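Numbering (this note's numbering), first residue to last: 3 to 211.
Encoded structure:
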């Protein structure tokens, strides 16, 4: 059974870990995906040994930073989108949330990809929700009927790629999202070429940056 003296230690450790992760996100934004752990520890006002006690490798810290951002911003947006009475509005709101996160956390995403922590369990829930919302919008006649699930990660990849061409943190991506939505409208009568499947061994997350 835990003693009273142990409980504050655990609470302090949890606060330290949370502060380190939040500081890492800010450091990646400021310094890029190669921000050194020593600088992150300094900014978080902890010893480097404390950082390593919580996160034995940079990959562990990067994954924690990515998970924190998703849990705070993308997961709630997905829940709201699924309960929206207008499936097209729900679809758009989720894409906007994902793009806002990507624009804000672009270097964290790059660090996650470099560290090999941008795995299927990170992005699969997002694409599953996006697919469901797109299917609902198709059923309601709100987007073109020839859109297929494999189109969605490619569309997100195209949108995300625009972030590298503009100042960090801007919302210039909204112009290209608007252009993309025009192409998804049922009134876009020109039929699309036949869909293509994923290359063997390729994953949607491979295209995110």
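Cβ coordinates follow ideal geometry from the N, Cα and C atoms, glycine included. Computed from a predicted structure; not experimentally measured.
Compare the C-beta of residue i against all C-beta atoms of chain B and say whether one is closer than 7 Å.
| i | result |
| --- | --- |
| residue 152 | Of the chains in the structure shown, none is chain B; there is only one protein chain. |
Which residue from the options puts its Cα closest to that of residue i?
| i | options | result |
| --- | --- | --- |
| residue 135 | 119, 159, 81 | 81 |
| residue 178 | 89, 144, 101, 63 | 101 |
| residue 186 | 137, 43, 117, 163 | 137 |
| residue 75 | 199, 153, 128, 145 | 128 |
| residue 17 | 37, 38, 53 | 53 |
| residue 126 | 57, 44, 152 | 152 |
| residue 197 | 62, 104, 157 | 157 |
| residue 61 | 83, 48, 49, 37 | 37 |
| residue 103 | 183, 192, 31, 182 | 31 |
| residue 183 | 95, 55, 169 | 95 |
Locate the alpha helix (DSSP H) running through residue i, then write down its first and last residues.
| i | result |
| --- | --- |
| residue 42 | 39 to 46 |
| residue 25 | 8 to 33 |
| residue 81 | 77 to 84 |
| residue 51 | 50 to 56 |
| residue 69 | 60 to 71 |
Please work out which residues of its chain come closer than 6 Å, Cβ to Cβ, to residue i, disregarding the five sequence neighbours upstream and downstream, and give them in chain order.
| i | result |
| --- | --- |
| residue 70 | 23 |
| residue 144 | 90 |
| residue 78 | none |
| residue 46 | 21, 22, 25 |
| residue 67 | 23, 26, 27, 110 |
| residue 72 | none |
| residue 64 | 113, 114, 117, 119 |
Please list, in chain order, all residues of the same chain as residue i whose beta carbon is under 7 Å from its beta carbon, the five residues on each side excluded.
| i | result |
| --- | --- |
| residue 147 | 140 |
| residue 13 | none |
| residue 154 | 129, 132, 133, 136 |
| residue 116 | 35 |
| residue 97 | 179 |
Below 8 Å CB to CB, which residues in the same chain sit around residue i once its five sequence neighbours on both sides are set aside?
| i | result |
| --- | --- |
| residue 41 | 29, 33 |
| residue 164 | 174, 175, 178 |
Which word fits residue i, buried or exposed, when buried means at least 16 other C-beta atoms lie within 10 angstroms of its C-beta?
| i | result |
| --- | --- |
| residue 107 | buried |
| residue 160 | exposed |
| residue 150 | exposed |
| residue 167 | exposed |
| residue 171 | exposed |
| residue 10 | Because residue 10 sits at a pLDDT of 48, beneath the cut-off of 50, its placement in the model cannot be relied upon, and the point is left open. |
| residue 43 | buried |
| residue 194 | exposed |
| residue 162 | buried |
Residue ranges of each alpha helix (DSSP H) within the segment 91 to 157, 4 or longer: 108 to 117, 122 to 141
Quick one: which unbroken beta strand (DSSP E) runs of 3-plus residues sit fully inside the segment 173 to 202? Chain order, please. none
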